[in-house]
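The opening position of the sequence shown corresponds to residue 820 in the working numbering, with each subsequent residue numbered one higher.
Some notes on the structure that comes next.
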Amino acid sequence: MSRTIPSSRPPSNPQALAAAVDAAHQAGALMKKHLRRAKQVNESHQHDIKLELDVRCQKLITRVLARAFPSIPVLGEEGIDAASEQAVARWVVDPIDGTVNFAYGIPHAAVSIALQVRTADGFHSEVGVVYDPFMDDLWTAIRGKPARLNGRIAKVSTRARLDESIVSLGFAKSQDSLKAAQADFLELTHRVRKIRIMGSAALALTYVACGRFDAYVEAGVRLWDIAAGGLIVECAGGSFVTQALPGEHRYGLIASNGLIHDQIPHARTSGAKKKTARSQRASKAPTRS
Ligand code: IPD
820 MSRTIPSSRP PSNPQALAAA VDAAHQAGAL MKKHLRRAKQ VNESHQHDIK
870 LELDVRCQKL ITRVLARAFP SIPVLGEEGI DAASEQAVAR WVVDPIDGTV
920 NFAYGIPHAA VSIALQVRTA DGFHSEVGVV YDPFMDDLWT AIRGKPARLN
970 GRIAKVSTRA RLDESIVSLG FAKSQDSLKA AQADFLELTH RVRKIRIMGS
1020 AALALTYVAC GRFDAYVEAG VRLWDIAAGG LIVECAGGSF VTQALPGEHR
1070 YGLIASNGLI HDQIPHARTS GAKKKTARSQ RASKAPTRS
């Protein structure tokens, strides 16, 4: 794997945001061009597909980011720069979140890019960009500022009752997370207005951030699926509670408008329970496992 020389200072957030938006737009254009075309499958598993286009999009994103910030390493779904564990700052990239949707021609997938900065207690997201090229929806966030959707301030919903809420579930790839998701489905399905299972964690988070969903629950996501979207939820006033799971960069999570967090079964974040909602809300989007 490549190795970037780490820089000693993190970049300015507005500049990082501009670079991430540029990269997301360029990768999104490539996704849009290829949605209906035949795609080369690099790997195929029962519940997962890896496309040649995932790799191509990550390379494109890495090139665009490196032009602006040559010394910041990338930790991505399609390759991890070894320098990213020790760097003062790193990009966390999912070039195509919702790959299975995309592979099947379903236009519900996104580019996800976060800038994370290292602190004494791990990395946390400072800048987040999620781009849905099919709807041309761009969510952005800089820690401490409002989240935005296509330039306008985005806010989580104000629904306070679980029985009026739309809760999105993620059905991940491993057997244990699938079992957990089935249990969540059985438990929640009669208690909410609707369950939605859409197939992109990054978009589920941004849908929470702009009030389309009231919550999103998943038992086994990876850091690149949620590093940008989690910050966007927080900056939109919501709560983003994660628990590190065994395995590299793996988390259980509950993201919500904050008002219904305590009505959602906490099995996904049981270790983080109670002290979480507030302390992690303010915080450190997903960090180390
Ligand atoms: C997946 C999607 C899916 C989620 C999985 C992720 P990928 O990401 O976000 O919605 O349920 O946990 O791994 O593989 O399409 O980038």
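Beta carbons are placed, not taken as given, at the ideal position from N, Cα and C, and that holds for glycine.
Item                                                                                                                                                                       : Value
Determine the direct distance from the alpha carbon of residue 857 to that of residue 889, and round the result to whole angstroms.                                        : 34 Å
Ordered along the chain, which non-local residues of its own chain (more than five positions away) have a Cβ less than 6 Å from that of residue 884?                       : 838, 842 and 910
Does the beta-carbon of residue 1066, which I'm using as the reference point, lie nearer than 8 Å to any heavy atom of ligand 1?                                           : no
In whole angstroms, give me the CA-to-CA distance for residue 1055 and residue 1006.                                                                                       : 27 Å
Return yes when the Cβ of residue 912 is within less than 9 Å of the Cβ of residue 877, no when it is not.                                                                 : yes
Between the Cα of residue 1025 and those of 940, 945, 958 and 952, spot the shortest distance and give me the residue it belongs to.                                       : 958
For the alpha helix (DSSP H) holding residue 852, just list the boundary residues, first then last.                                                                        : 832-853
Beta-carbon separation of residue 936 and residue 908 under 9 Å?                                                                                                           : yes
Hey, how far is the Cα of residue 986 from the Cα of residue 1013?                                                                                                         : 6 Å
Can we count residue 1061 as close to ligand 1, meaning its CB is less than 8 Å from some heavy atom?                                                                      : no
Looking only at C-alpha atoms, which of 981, 1008 and 1041 sits nearest to residue 1081?                                                                                   : 981
With a threshold of 7 Å on Cβ separation, who are the neighbours of residue 879 within its own chain once the five nearest residues in sequence on each side are excluded? : 845, 846 and 849
Counting C-beta neighbours from all protein chains within 10 Å, is the total for residue 932 16 or more, i.e. buried, or is it exposed?                                    : buried
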